[in-house]
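Numbering (the working numbering), first residue to last: -8 to 470. In this text, a Cβ means the ideal position worked out from N, Cα and C, and glycines have one as well.
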RNA sequence: GGCCCCAUCGUCUAGCGGUUAGGACAUCGGCCUCUCACGCCGGUAACAGGGGUUCGAGUCCCCUUGGGGUCACCA
């Protein structure tokens, strides 16, 4: 059996968006499952639109997601270079072969001539779509000047069909009559998509091509190139689009499209992968998967053929599940940078931070929310919500806070397990209830009305800080 | 418009000829409760329409409708 070799081949013309991530993810999962190779190749032959910045963002995005590649930018490999703009010599050689074998020809028709033909077509048919250019050079017309600017076109068959068995879409068959003599090389020598893609996939030994289903139209021309070159045609898997909630094309209006935005919003890479994999792929009733499970369970035949819509709510749910799955030490490491971004310096292995995690994580979805919820533990004085203070830190609350302070002062160890029964019993003896005590105390300790359980907060805070905060609140409420 | 793809709850989906059409998110009730969450229990909610094939169609075929993609010297 030959080694599975799959690639992700983005063009660096923007951020890596979630649709692209899903395609990359499926490919990566398949490569990892099969013990094959995952190749990253940058298709930057459009000099006008490609940017180095975009290539950097794509690499950074994949790194953050943990979709590591065996060959490609930064890691190299035996079939490099992995930027198409550095592979021009390879394409040139292949094109000469195609021309020599009669599969391609030089076309000297100018853009103006093609445009004129297009307009004549529009005048004749009343529509501008569906135009195919018939080059006079296809059948051997000689140019006035062979050194004049020209493109190279593929001599597409006019009859017959091309078919393939798509791993996702099933058998697809296309009539050659719908094809035109597509351009392989621009006048400046830069290859076009269909040529570069096929040549690279051949020379890189790619066995399975997975891409968005908006590329399905390109598959027939590409198969024809494989055949003209006498190369083995790989398998194809055309992954459906990810659409906006309203069924339209996904854009920044509908969602954060670039994956790095999710990193900044405090999403976990595994959650992003989990959400995206389930968008189109299913495994019975299971919704939440670890990375290892995904690698084990993924298969192309369980990828749906229809487009799916982005759902931010479900995404948030999946993220919340992954947040809660993470063990406390790891979670503390993840959240520390987000605390620091808020101006709160905490060591990632601070014991209080780790101890707070079990109490905080049921109440947060993103790392940003988690940091927000952890903040008051690590500042000298919690930021006071004035509305909360006005409502709960009243003169009437003072006796309760005093009572609470004196009741807990002698508790050792100062933990939820000790505090909770001790205070409850004392309250009962005094005829007090948690309802009267809890909210004023919560505001005193955290500065807000929502938090983990009162005694859990006390445990993380420690006795000194707890008593100090109660004292300050009593002073404030007493005036 | 031509060509191509697609079609089960609002959304993601299970279903691969015989099911009370299942799960998840969302939504609506309720429980738990010191707040907020988490969690738990329950409800509403779908086979686009029409023809076939078959003893029997969500499942197979055709048409219609609807949605998407694509018609470049972009990828």
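Which residues mark the beginning and the end of the beta strand (DSSP E) in which residue i is found?
i: residue 156; result: 152 to 157
i: residue 366; result: That residue, residue 366, is in no beta strand (DSSP E); it is neither H nor E in DSSP.
i: residue 201; result: 199 to 203
i: residue 142; result: 142 to 145
i: residue 162; result: 161 to 166
With a cut-off of 8 Å on the beta carbons, I'd call residue i and residue j a contact; round off their distance for me.
i: residue 185; j: residue 165; result: With 8 Å as the limit, residue 185 and residue 165 do not qualify as a contact, their Cβ atoms being about 14 Å apart.
i: residue 323; j: residue 340; result: 7 Å
i: residue 329; j: residue 257; result: 6 Å
i: residue 395; j: residue 461; result: 7 Å
i: residue 467; j: residue 392; result: No, residue 467 and residue 392 are not in contact; Cβ-Cβ is about 10 Å, not under 8 Å.
i: residue 170; j: residue 147; result: 4 Å
i: residue 77; j: residue 36; result: Contact flag wrong, Cβ pair sits at about 11 Å.
i: residue 367; j: residue 447; result: The pair is not a contact, with the Cβ atoms about 13 Å apart (cut-off 8 Å).
i: residue 433; j: residue 440; result: 7 Å
i: residue 246; j: residue 303; result: 6 Å
i: residue 286; j: residue 23; result: 5 Å
i: residue 194; j: residue 9; result: Not really, about 30 Å apart at Cβ, beyond 8 Å.
i: residue 108; j: residue 124; result: 6 Å
i: residue 263; j: residue 56; result: 6 Å
Considering only the beta carbon of each residue, do residue i and residue j sit closer than 7 Å?
i: residue 337; j: residue 369; result: yes
i: residue 32; j: residue 0; result: yes
i: residue 438; j: residue 375; result: yes
i: residue 12; j: residue 267; result: yes
i: residue -3; j: residue 199; result: yes
i: residue 346; j: residue 451; result: yes
i: residue 172; j: residue 144; result: yes
i: residue 105; j: residue 62; result: no
i: residue 160; j: residue 206; result: no
i: residue 119; j: residue 113; result: yes
i: residue 294; j: residue 272; result: yes
i: residue 429; j: residue 445; result: yes
i: residue 417; j: residue 398; result: yes
i: residue 89; j: residue 219; result: yes
i: residue 248; j: residue 301; result: no
i: residue 265; j: residue 309; result: yes
i: residue 52; j: residue 201; result: no
i: residue 167; j: residue 98; result: no
i: residue 66; j: residue 190; result: no
i: residue 7; j: residue 49; result: yes
i: residue 45; j: residue 5; result: yes
i: residue 473; j: residue 203; result: Outside the displayed range of the chain (-8 to 470) lies residue 473, so it cannot be described from this structure.
i: residue 362; j: residue 326; result: yes
i: residue 227; j: residue 210; result: yes
i: residue 389; j: residue 469; result: yes
So, helix, strand or coil for residue i, using DSSP?
i: residue 473; result: Outside the modelled stretch of the chain, which goes from -8 to 470, sits residue 473, for which no answer is possible.
i: residue 403; result: coil
i: residue 95; result: strand
i: residue 118; result: coil
i: residue -1; result: strand
i: residue 243; result: coil
i: residue 125; result: coil
i: residue 229; result: strand
i: residue 176; result: strand
i: residue 395; result: helix
i: residue 358; result: helix
i: residue 410; result: helix
i: residue 170; result: coil
Looking at the secondary structure, which residues open and close the alpha helix (DSSP H) in which residue i lies?
i: residue 218; result: 207 to 219
i: residue 190; result: 184 to 194
i: residue 450; result: 445 to 452
i: residue 326; result: 319 to 332
i: residue 13; result: 9 to 25
i: residue 250; result: 250 to 255
i: residue 345; result: 342 to 351
i: residue 427; result: 425 to 437
4-residue-minimum alpha helix (DSSP H) runs that sit fully inside the segment 257 to 306, ordered along the chain: List check, alpha helix (DSSP H) in window: 260 to 269, 282 to 288.
Give the list of continuous beta strand (DSSP E) stretches no shorter than 3 residues that lie fully inside the segment 28 to 84. Within the segment 28 to 84, the beta strand (DSSP E) runs of at least 3 residues that lie entirely inside it are, in chain order, 28 to 31.
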